[in-house]
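Under the UniProt record's numbering, the first residue of the sequence shown carries the number 1, and numbering increases by one thereafter. Backbone N, C-alpha and C fix where the C-beta goes; we use that ideal spot for every residue, glycine too. Remarks on the structure that follows.
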Amino acid sequence: DILSPIFEEQFHPSSFGYRPGRSCHDAINKATMFIRRYERPHVVDMDLSKCFDKLDHTLIIESIKRRVRDGSVLRLISQFLTSGVMVDGHWQQTDTGSPQGGVISPLIANIYLDAFDKEMMQRGHRIVRYADDILILCRSRSAAENAQRQATQILEGKLKLTVNTEKTHITHSDAGIRFLGVEIGTQHTRIQAKKLVVFKTKLKQMTKRNGGKPLYLVINALNPLLRGFSQYFRIANASRAFKQIASWLRRRLRSVQLKLWKKTSRLHRWLRQRGYKGKFAYMSMTSWRSARSPLASYAMPNSWFNELGLVNLEDVRTGSVPSRYAG
């Protein structure tokens, strides 16, 4: 990649998407810093309609020409931009936009939007951008309204993009700023509710009682998902959410194991092996309620799942991720 080093040094420091050494966590930390430390709680959340599809080819080439003089490189980029896309099995020429999925498409988008970043900075605005997710952070509502007008003029007037006026809005951090999967509040950062719903839905699909797989295989399949989710969302104040998910997931796994045992006698045998001295009672091996019973909890305590290697979300430290961009 010969273009990236050429342009990387000129990019705006508050641009984070698809850049080496920068991450979603860095972008979230930078936005949080502006809101809390520098008291900029009024935030413009800009929404662009099909940004990658509407990049003007002439403007792209002009932007690249300012830094690249090699004609062969410019021709290759021009060919890439006009290479077309497949729509319903048919090739279609592209007059605007950067083909999504292309290796250099994210870089081209950053080159294109860098003009926006720079002009907003020159006008004194504080922004955080991750690809086409843009926040403008202001001290007052009136300043935010002014920033939104100026941003729209730049994006639509100079860059020929389309601002989605229905989704672009101004929010106060007291109500939570939705950005990259979290809600940044004045004091706390939470996981977006829809992200929790999607995650629990995936866990539910992977822990169906009619799956028939041994529990260790179910856990082996769950662990990569649990690690990925926890490592990303540990930036939020998520200890309560993580604890609730961990408890609910263990109950689902108890339910899976009860169904695998099929008969109460097998549960009783397992309990005796674990030193249970109390009374045995019949219970349904397929009931969701049974998975919360004292017998099920004794047979399959939390420590048992740790022994099986289940990633425990309760062990994850939450509330911050170190970042040089937050200081």
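Assign Asp-45 to one of three DSSP states: helix, strand, or coil. strand
Who pairs with His-169 in a beta bridge, going by DSSP? Asp-45
Determine the direct distance from the alpha carbon of Met-120 to that of Ala-238, and round the result to whole angstroms. 33 Å
Using a 10 Å radius around the Cβ and a threshold of 16 neighbouring Cβ atoms, would you call Glu-183 buried or exposed? buried
Is any heavy atom of the ligand SAH found at a distance shorter than 7 Å from the C-beta of Ile-245? As far as ligands go, the structure on display features none, and thus does not contain the ligand SAH.
Does DSSP put Ile-127 in a helix, in a strand, or in coil? strand
In DSSP terms, what Cys-51 is bridged to: Per DSSP, none; premise fails for Cys-51.
Is Ser-15 helix, strand or coil when you go by DSSP? strand
By DSSP, does Leu-225 sit in helix, in strand, or in coil? helix
Quick check on the DSSP output: the alpha helix (DSSP H) that includes Arg-254 runs from which residue to which? 239–261
Candidates Ile-108, Cys-51 and Gln-273, of which the one nearest Ala-299 by Cα: Gln-273
Excluding the 5 residues flanking Leu-215 on each side, which residues of the same chain have their C-beta closer than 8 Å to its C-beta? Leu-253, Val-256, Gln-257, Leu-260 and Leu-308
Three-state secondary structure (DSSP) at Phe-305? helix
Whether Leu-9 touches Arg-19 by CB criterion (8 Å): Correcting the residue type first, residue 9 is Glu in the shown sequence and not Leu. Contact flag unset, no.
Beta-carbon proximity list for Leu-137, same chain, < 6 Å, skipping 5 on both sides: Phe-34, Arg-40, Val-43 and Arg-126
Report the residue from Gln-205, Leu-107 and Gly-228 whose alpha carbon sits nearest the alpha carbon of Ile-61. Leu-107
In the DSSP assignment, the beta strand (DSSP E) including Met-135 goes from what residue to what residue? In the sequence as presented, Met is not what sits at residue 135; that position holds Leu. From DSSP, the beta strand (DSSP E) with Leu-135 extends over 133–138.
Three-state secondary structure assigned by DSSP to Arg-178: strand
Start-to-end residues for the beta strand (DSSP E) that takes in Ile-191: 189–191
Could you tell me the distance, in whole angstroms, from the CA atom of Ala-241 to the CA atom of His-188? 13 Å
Rounded to whole angstroms, how far is the Cβ of Arg-141 from the Cβ of Gly-17, which I believe are closer than 8 Å? So it is not a contact: roughly 28 Å between Cβ atoms.
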